[in-house]
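First the structure, in the form of structure tokens, and then the observations on it.
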Amino acid sequence: MRLLVIEDDAILRESLAAKLKEGGFAVEQAADGREGLYFALEYPIDLAIVDLGLPEMSGLEIIREVREQGKTYPILILTARDRWEDKVDGLDAGADDYVVKPFHVEEVTARVNALLRRSGGWASSLMTAGPVKLDMSRQELMVNEVAIELTSFEYKIIEYLMVRAGQVISKTELTERLYDQDFERDSNVIEVFIGRLRKKIDPDNTINPIETLRGRGYRFALERGPSG
Amino acid sequence: MSSLNARLLISVSVLLLFFFGVTIVVLDTAFRSAGEQAQADILDGHLMAILAAAEATDTGGLELPADLQEPRFGAIGSGLYAELRGDQGDPVWRSRSALGIEIPTGESPASGVRQFLNESLADGTPVLTLSLAVQWELPDGNYRPFVFKVAESLDSFNAQIAQFRRQLFGWFAAVALIMLLSISVLLRRLLRPLRQIENEIGEIEQGERAFLSGQFPTELTGVARNMNVLINSERARSDRYRVTLDNLAHSLKTPLAAMRALLNQGKSGDFADRFNEQIDRMDEIVRYQLRKPAASQAENLVLTLIPVKQEVARLVEGLNKVYHDKEPKIETVIDNDTRFRGDSGDFLEIAGNLLDNACKWCERRVRITVRPSSGNKLDGGMNLFVADDGPGIPVEDADALLQRGTRLDESTPGHGIGLAVVKEIAESYGGKLEIARSDLGGAELRVTIPAS
Numbered sequence: 437m438r439l440l441v442i443e444d445d446a447i448l449r450e451s452l453a454a455k456l457k458e459g460g461f462a463v464e465q466a467a468d469g470r471e472g473l474y475f476a477l478e479y480p481i482d483l484a485i486v487d488l489g490l491p492e493m494s495g496l497e498i499i500r501e502v503r504e505q506g507k508t509y510p511i512l513i514l515t516a517r518d519r520w521e522d523k524v525d526g527l528d529a530g531a532d533d534y535v536v537k538p539f540h541v542e543e544v545t546a547r548v549n550a551l552l553r554r555s556g557g558w559a560s561s562l563m564t565a566g567p568v569k570l571d572m573s574r575q576e577l578m579v580n581e582v583a584i585e586l587t588s589f590e591y592k593i594i595e596y597l598m599v600r601a602g603q604v605i606s607k608t609e610l611t612e613r614l615y616d617q618d619f620e621r622d623s624n625v626i627e628v629f630i631g632r633l634r635k636k637i638d639p640d641n642t643i644n645p646i647e648t649l650r651g652r653g654y655r656f657a658l659e660r661g662p663s664g
Numbered sequence: 005m006s007s008l009n010a011r012l013l014i015s016v017s018v019l020l021l022f023f024f025g026v027t028i029v030v031l032d033t034a035f036r037s038a039g040e041q042a043q044a045d046i047l048d049g050h051l052m053a054i055l056a057a058a059e060a061t062d063t064g065g066l067e068l069p070a071d072l073q074e075p076r077f078g079a080i081g082s083g084l085y086a087e088l089r090g091d092q093g094d095p096v097w098r099s100r101s102a103l104g105i106e107i108p109t110g111e112s113p114a115s116g117v118r119q120f121l122n123e124s125l126a127d128g129t130p131v132l133t134l135s136l137a138v139q140w141e142l143p144d145g146n147y148r149p150f151v152f153k154v155a156e157s158l159d160s161f162n163a164q165i166a167q168f169r170r171q172l173f174g175w176f177a178a179v180a181l182i183m184l185l186s187i188s189v190l191l192r193r194l195l196r197p198l199r200q201i202e203n204e205i206g207e208i209e210q211g212e213r214a215f216l217s218g219q220f221p222t223e224l225t226g227v228a229r230n231m232n233v234l235i236n237s238e239r240a241r242s243d244r245y246r247v248t249l250d251n252l253a254h255s256l257k258t259p260l261a262a263m264r265a266l267l268n269q270g271k272s273g274d275f276a277d278r279f280n281e282q283i284d285r286m287d288e289i290v291r292y293q294l295r296k297p298a299a300s301q302a303e304n305l306v307l308t309l310i311p312v313k314q315e316v317a318r319l320v321e322g323l324n325k326v327y328h329d330k331e332p333k334i335e336t337v338i339d340n341d342t343r344f345r346g347d348s349g350d351f352l353e354i355a356g357n358l359l360d361n362a363c364k365w366c367e368r369r370v371r372i373t374v375r376p377s378s379g380n381k382l383d384g385g386m387n388l389f390v391a392d393d394g395p396g397i398p399v400e401d402a403d404a405l406l407q408r409g410t411r412l413d414e415s416t417p418g419h420g421i422g423l424a425v426v427k428e429i430a431e432s433y434g435g436k437l438e439i440a441r442s443d444l445g446g447a448e449l450r451v452t453i454p455a456s
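Residue numbers (the working numbering), protein chains in the order written: chain C, 437 to 664; chain E, 5 to 456.
Right under this line is the structure:
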């Protein structure tokens, strides 16, 4: 999944980005408000982390503009101002949650995961669909209570599909959201990874978790469990 | 005597009273002395007529005709009396009108001198008397002394004076009343701009108006303009203060966050933990200092009337996002037109912290109730109660929790500091924060702020 971090403090931004990449996300970084707004509107973003006190353009303005342009992805505010006035203004403008500085980076990743899951319609970080269980906080996939060994890219794909269980996701979207740099858009890499995932999750072809829709993309097809 | 209107009215009344008093006394004196003079002249005329009518008799006396020219001498009790006395003081002749009336003898004047006296009859009727002693030349060539005396009752004269005074007082009272009435109307008109300024300042203090309207007479435009400048600078100061604090917060906390992130990369165990602790402490100090109440009671001019229901609705909407997973059921019991007089940041701080805590601790239910502190919804005070169905706060912990910055539960960050901030803000408005048990089963935090 592709995240956008808009934060003017370089150390903070970079360590946040590093931590998020570690967590399996593709991360775009912007150091000022204008650049941030450009990324937020033009890039395929799944979630934005926005600092409120930015040069060039305030975080609030970015959020308002993003929402006005019809973008619905979750937005997490980073703020040094923890007066309720500022929090309410941010949430009012269209943000979904806030983290007050100085935060622990783990706090941010936890909120990010929760927001992503929420935007996919899941109520808990433990997503269950049939025999398949995905624990976002631990980045763990289990089938019939047996943990499946996955590479980080494989995990990214199954997480992306499962968070959006029931939705059709095109190959292009997957490429855009999962790669850090956009290269070789029409390669068969995605197909290869999907094939490997199918083998790992469903070696006997009994549950068919990932459906292929010809010319349209893929869909996580299992019924959502009680937590969804 | 604090009102200009009353001061002016009282001063003008005193002046009027003095002026009219003097006028009344002068007029009364003048009228009275003119009247007395006229009375004396008339009396003198009567005396002369009697003198002219008197004729010496052969017996060495004087006699007067039965009917004098003045008919009042002939009518009994007419109020005009005449008498002629001989040298022994014995009455020689008396007018018919004096029948049964004792004219006071008085003191006989020296010969040839007219003597006016204010005397009274036996029944107390005041009379003005004129006596004249003469040496009458008798036909035999001798001179004999006689005293002529005329007296006129002052009853009708006094009645006239009284009548005059009554009219005088009546007219002057009427004039004074009319003048006072017109002056007070005039004052009302003249002072209307002052009263308007007063009302508008009241409205500013109530938060119903931002500035003075500026439609005042020339003498007051300066005052109004300066007042507006003052209000403006007061607001600007309050805004600047907040912006400064915001910038300070931002420029302090971002490096703190960066330090924390750097530590995290290093992962050096015990050292990192201790460093993090120090960062926590610094953070807490900054947070506490920066979230202090924005407005104090002295800064009346920057306070506004906050629509409580709308502000709480914004908070609840925000909290519903933040507590999306927990989905607490937040119930608001607030009338549409309830207003809190204060700084909107302060209000959000109170309601936000209490609601946030309640959402954190509740099982499922949170309820916020805001009522005006008196019966009047617009008086500006409020009772804000936030209840939840969580574990509640034990009585023995309540006091410690309300102490500045105390944390009861380290695992729920910011719990203590939030309450300390709420308490401080409530107290800056002359109110208080109390911890009680709610009927939902958990804690109920009660902020009561009286009307100012």
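Even glycine gets a Cβ: it sits at the ideal position worked out from N, Cα and C.
Just so it is clear, the structure is predicted and the values come from calculations on it, not from any experiment.
(Q) Taking the beta strand (DSSP E) that GLN465 (chain C) belongs to, which residues open and close that run? (A) The count along the first sequence starts at 1 and reaches residue 465 (chain C) at position 29. Run containing GLN465 (chain C): 462 to 466, per the beta strand (DSSP E) assignment.
Q: Look at the alpha carbon of THR410 (chain E) and the alpha carbon of TYR591 (chain C), and state the distance between them as a whole number of angstroms.
A: Working through the second sequence from its first residue, we reach residue 410 (chain E) at position 406. Working through the first sequence from its first residue, we reach residue 591 (chain C) at position 155. With a pLDDT of 47 at THR410 (chain E), under the threshold of 50, the predicted position of this residue should be treated as unreliable, though the coordinate-derived value follows. Spanning the two alpha carbons is a distance of roughly 43 Å.
Q: Using a Cβ-Cβ cut-off of 8 Å, state whether GLU281 (chain E) counts as contacting chain C.
A: Reading the second sequence from its first residue, position 277 is the one you call residue 281 (chain E). Taking a beta-carbon distance threshold of 8 Å, GLU281 (chain E) does not count as an interface residue toward chain C.
Q) Taking Cβ to Cβ, would you say LEU444 (chain E) is nearer than 8 Å to ALA391 (chain E)? A) Position 440 of the second sequence holds residue 444 (chain E). Position 387 of the second sequence holds residue 391 (chain E). A distance below 8 Å separates the beta carbons of LEU444 (chain E) and ALA391 (chain E).
Q. Does DSSP classify ASP533 (chain C) as helix, strand or coil?
A. Position 97 of the first sequence, counted from the start, is the residue given in the question as residue 533 (chain C). Strand at ASP533 (chain C).
Q. Does DSSP classify THR342 (chain E) as helix, strand or coil?
A. Mapped onto the second sequence, residue 342 (chain E) falls at position 338. Of the three classes helix, strand and coil, the one that applies to THR342 (chain E) here is coil, per DSSP.
Q: Go to ARG148 (chain E), then tell me how far its beta strand (DSSP E) extends in each direction, as first and last residue.
A: On the second sequence, position 144 is the one that residue 148 (chain E) refers to. Here the beta strand (DSSP E) through ARG148 (chain E) covers 147 to 157.
Q: Please confirm if SER588 (chain C) has its CB atom under 8 Å from at least one CB of chain E.
A: If you number the first sequence from 1, residue 588 (chain C) lands on position 152. It does not: the Cβ of SER588 (chain C) has no partner Cβ on chain E nearer than 8 Å.
Q) Using 8 Å as the Cβ pair cut-off and three pairs as the minimum, do the stretch 438 to 450 of chain C and the stretch 464 to 479 of chain C touch? A) yes
Q: Give the single residue among C:GLU659, C:ARG613, C:VAL524, C:GLU647 whose Cα lies nearest to the Cα of ALA484 (chain C).
A: The count along the first sequence starts at 1 and reaches residue 484 (chain C) at position 48. The candidate whose alpha carbon is nearest that of ALA484 (chain C) is C:ARG613.
Q. Residues of chain E with a CB under 7 Å from the CB of ILE447 (chain C): which are they?
A. Here residue 447 (chain C) refers to the residue found at position 11 when the first sequence is read from its first residue. By Cβ distance, chain E contributes ALA262, ALA265, LEU266.
Q: Answer with yes or no whether the minimum CB distance from ALA253 (chain E) to chain C is below 8 Å.
A: Taking the second sequence and counting its residues from 1, one reaches residue 253 (chain E) at position 249. So, interface residue.
**Q.** Spatial neighbours of GLU204 (chain E) in its chain, beta-carbon cut-off 7 Å, leaving aside the 5 residues before and after
**A.** Numbered from 1 along the second sequence, position 200 holds the residue referred to as residue 204 (chain E). Excluding residues within five positions, the ones whose Cβ falls inside 7 Å are ARG213, LEU216, SER217.
Q) Got a sec: which bits of the stretch 507 to 523 of chain C sit with their beta carbon under 9 Å from any beta carbon on chain E, in order along the chain? A) LEU514, THR515, ALA516, ARG517, ASP518, ARG519, TRP520, GLU521, ASP522, LYS523
Q. Which residues share a DSSP beta bridge with ARG503 (chain C)?
A. Residue mapping note: residue 503 (chain C) aligns to position 67 of the first sequence, counting from 1. Its beta-bridge partners do not exist; DSSP assigns none.
Q.
Beta carbons nearer than 9 Å to chain C: which residues of the stretch 182 to 199 of chain E have them?
A. none
**Q.** Within the stretch 510 to 586 of chain C, ranges of the beta strand (DSSP E) (whole runs, at least 3 residues)
**A.** 511 to 515, 533 to 536, 562 to 565, 568 to 571, 576 to 579
Q | PRO645 (chain C) versus C:ASP487, C:GLU585, C:THR564, C:TYR615, residue with shortest Cα-Cα distance | A | Position 209 of the first sequence, counted from the start, is the residue given in the question as residue 645 (chain C). Among C:ASP487, C:GLU585, C:THR564, C:TYR615, the Cα nearest to that of PRO645 (chain C) is on C:THR564.
Q) Nearest-angstrom Cα distance between VAL541 (chain C) and ASN268 (chain E)? A) Locating residue 541 (chain C) in the first sequence gives position 105, counting from the first residue. Locating residue 268 (chain E) in the second sequence gives position 264, counting from the first residue. Distance between the alpha carbons of VAL541 (chain C) and ASN268 (chain E) is about 8 Å.
Q: Per DSSP, which residues does VAL370 (chain E) bridge with? Please list them.
A: In the second sequence, the residue the question calls residue 370 (chain E) occupies position 366. Bridge partners of VAL370 (chain E): E:ILE334, E:ASP392.
Q: Please confirm if SER494 (chain C) has its CB atom under 8 Å from at least one CB of chain E.
A: Numbered from 1 along the first sequence, position 58 holds the residue referred to as residue 494 (chain C). No, no contact with chain E.
Q. Going along the chain, which residues of its own chain have a beta-carbon closer than 6 Å to the beta-carbon of ALA362 (chain E), five neighbours each way excluded?
A. Counting from one through the second sequence, the residue named residue 362 (chain E) turns up at place 358. Around ALA362 (chain E): VAL370, VAL390, ASP392.
**Q.** Burial state of LEU8 (chain E) (16 or more Cβ within 10 Å)
**A.** On the second sequence, position 4 is the one that residue 8 (chain E) refers to. Using a 10 angstroms sphere on the CB of LEU8 (chain E), the tally of other CB atoms stays under 16, which defines it as exposed.
Q. Counting Cβ pairs, one atom from each stretch, are 3 or more of them under 8 Å apart for the stretch 21 to 37 of chain E and the stretch 161 to 179 of chain E?
A. yes
Q: Might you give, ordered along the chain, the residues of its own chain that have their beta carbon closer than 6 Å to the beta carbon of VAL544 (chain C), omitting 5 neighbours on each side?
A: The residue given as residue 544 (chain C) occupies position 108 in the first sequence. These residues qualify, in order along the chain: VAL535.
Q: Note the first and the last residue of the continuous alpha helix (DSSP H) segment covering GLY356 (chain E).
A: Locating residue 356 (chain E) in the second sequence gives position 352, where the first residue counts as 1. Counting along the chain, the alpha helix (DSSP H) containing GLY356 (chain E) begins and ends at 348 to 365.
Q) According to DSSP, is TYR245 (chain E) helix, strand or coil? A) Locating residue 245 (chain E) in the second sequence gives position 241, where the first residue counts as 1. Of the three classes helix, strand and coil, the one that applies to TYR245 (chain E) here is helix, per DSSP.
Q) Which residue or residues does DSSP assign as beta-bridge partners of MET386 (chain E)? A) Within the second sequence, the letter at position 382 stands for residue 386 (chain E). MET386 (chain E) is bridged to E:ILE453.
Q.
Short of 6 Å in beta carbon distance, which residues of its chain neighbour VAL312 (chain E), apart from the five on each side in sequence? Order them along the chain.
A. Within the second sequence, the letter at position 308 stands for residue 312 (chain E). Excluding positions up to five away in sequence, the list reads ILE338, THR342, PHE344, VAL374.
Q) In three-state terms, what does DSSP make of ARG375 (chain E)? A) Here residue 375 (chain E) refers to the residue found at position 371 when the second sequence is read from its first residue. Strand.
Q) Can you name, in chain order, every residue of its own chain whose Cβ lies under 7 Å from the Cβ of GLU647 (chain C), other than the five neighbours on each side? A) Start at 1 with the first residue of the first sequence, and residue 647 (chain C) comes out as number 211. TYR654, ARG655, ALA657, listed in sequence order.
Q: Could you tell me if LEU275 (chain E) is buried or exposed, where buried requires 16 or more neighbouring beta carbons within 10 angstroms of its beta carbon?
A: Along the second sequence, one-based indexing puts residue 275 (chain E) at 271. This sequence places Phe at residue 275 (chain E); Leu is not what is there. Under this definition PHE275 (chain E) is an exposed residue.
Q: Quick one: which residues of the stretch 543 to 557 of chain C get their C-beta closer than 8 Å to a C-beta of chain E? List them in chain order.
A: ALA550, ARG554
Q. For PRO491 (chain C), which of helix, strand or coil comes out of DSSP?
A. If you number the first sequence from 1, residue 491 (chain C) lands on position 55. Residue state, collapsed to three classes: coil.
Q) For chain E, is any of its Cβ atoms less than 8 Å away from the one on GLY489 (chain C)? A) Residue mapping note: residue 489 (chain C) aligns to position 53 of the first sequence, counting from 1. Taking Cβ atoms only, chain E reaches closer than 8 Å to GLY489 (chain C), which makes this a yes.
Q: Could you tell me the distance, in whole angstroms, from the CA atom of ARG4 (chain E) to the CA atom of ASP159 (chain E)?
A: One cannot answer for residue 4 (chain E) here, as it falls past the ends of chain E, which runs 5 to 456.
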